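For reference, the structure discussed in these notes is given below.
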Amino acid sequence: MSAEAKPSVLLSRGFPADSAAPEFSKWFEALPLQGADAGRAAAPTRRLDPRPAGSSRARPSDAGHGSLPGAALFSESAGLALGTEVHEALAGIEWFPCPSLPSNLSPGAEKMLGQFLAAPEIAPVFVRPAGNSEVWRERSVACRLDDTVYSAQMDRVVVTAPASKAEKGRILLVDFKTDQGEPDEIASRYKAQLEIYARILAAWSGGQHDIVAAVATIRKPALVRVC
């Protein structure tokens, strides 16, 4: 995920500048479905109450950076352009098999993505599940949980609808990370971030889906479940 995205970037994607405005706490907008699901009715938009007086604002993505040692933080900042390039390319993938990667990728990004997408443990992230499914890519959201208004950008969310009233659907939330290091260490660094994202999705679901949140590490391809 573009964890370095500043609030102004999120606001430019449609969020009102005034966090007290009702629009600020708007839930996910329903995406138009494609292919076999195109005829299914769009899910109703769910809304939260406006931000109450005295509530705070936060970005869950800040949690991971706060724990970085100075050298690692400097290294991550130096690789911001590469990370942004990789994330933009991943956002262009709907499902496997996917079209070829963008032709204007830098050699470093092309090599990194090639190794990542070829790893068998990464396939579940991009293979369309059986059933009525849709994918949200680089979804920017703002919502209130308790007394805090969170602004967040989710890399990839695969939503599979319940097959029947007696069953639950499934939500797979995946956060892409280009950090250097071992996959388990990277995942633990962002566990708090993903837990908040999972809470947002749980509130959106209203108990209709089981939720799995995972970090996908790109330099050393792995999919690490965090909650």
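Take the sequence shown: its letters are residues 4 to 230, numbered as in my numbering.
C-beta atoms are modelled at their ideal positions from N, C-alpha and C, and glycine is treated no differently.
Only a predicted model underlies this, so the values are computations on that prediction, with no experimental measurement involved.
Beta-carbon contacts of residue i that lie in its chain and below 7 Å, excluding the five residues immediately before and after
i	result
GLN211	PRO165, LYS171, GLY172
GLU140	Glu is not the amino acid found at residue 140; the sequence shown has Arg there. Same-chain partners within the cutoff: ALA94, ARG159.
ALA133	none
ASP187	VAL227
MET115	VAL89, ILE221, ARG222
ASP40	Confidence at ASP40 is low in this model, with a pLDDT of 35, below 50, so the placement of that residue should be treated as unreliable; the coordinate-derived value is given next. Hits under 7 Å: ASN135, GLU137.
Whole-Å CB distance - residue i paired with residue j, under 8 Å assumed
i	j	result
PRO105	GLY117	PRO105 to GLY117, Cβ: 12 Å. No contact.
ALA217	VAL229	6 Å
Cα-Cα separation between residue i and residue j, rounded to whole angstroms
i	j	result
PRO100	ALA122	14 Å
ASP149	LYS194	19 Å
LEU120	ARG131	15 Å
TYR153	GLN196	11 Å
PRO224	LEU175	18 Å
VAL177	LYS168	26 Å
ILE125	PHE179	11 Å
ILE203	ILE189	22 Å
ASN107	PRO127	27 Å
GLY209	PRO110	44 Å
PRO35	LEU83	Low confidence applies here, because PRO35 scores a pLDDT of 31, under 50, leaving its location unreliable; read the following figure in that light. Using only the alpha carbons, I get a separation of about 31 Å.
ILE214	SER103	30 Å
ALA205	PHE129	22 Å
THR181	CYS146	26 Å
Cut-off 8 Å between Cβ atoms - residues of its own chain near residue i, not counting five sequence neighbours on either side
i	result
ALA112	LEU85, GLU88, VAL89, ALA92
GLU185	LYS223
ALA201	LEU176, ILE214, ALA216, CYS230
DSSP beta-bridge partners of residue i
i	result
ILE214	ILE174
LYS180	THR220
ALA225	THR220
Other residues of its chain near residue i: CB distance less than 6 Å, five sequence neighbours each side excluded
i	result
GLY42	Confidence at GLY42 is low in this model, with a pLDDT of 34, below 50, so its placement is unreliable and the value that follows should be read with caution. Here the set comprises nothing.
GLU198	CYS230
VAL252	Residue 252 falls outside the range modelled here, since the chain spans only 4 to 230, and no answer is possible.
What ranges does the alpha helix (DSSP H) occupy inside the stretch 94-173, keeping only unbroken runs of at least 4 residues that lie completely in it? Qualifying alpha helix (DSSP H) stretches, in chain order: 110-121, 126-129.
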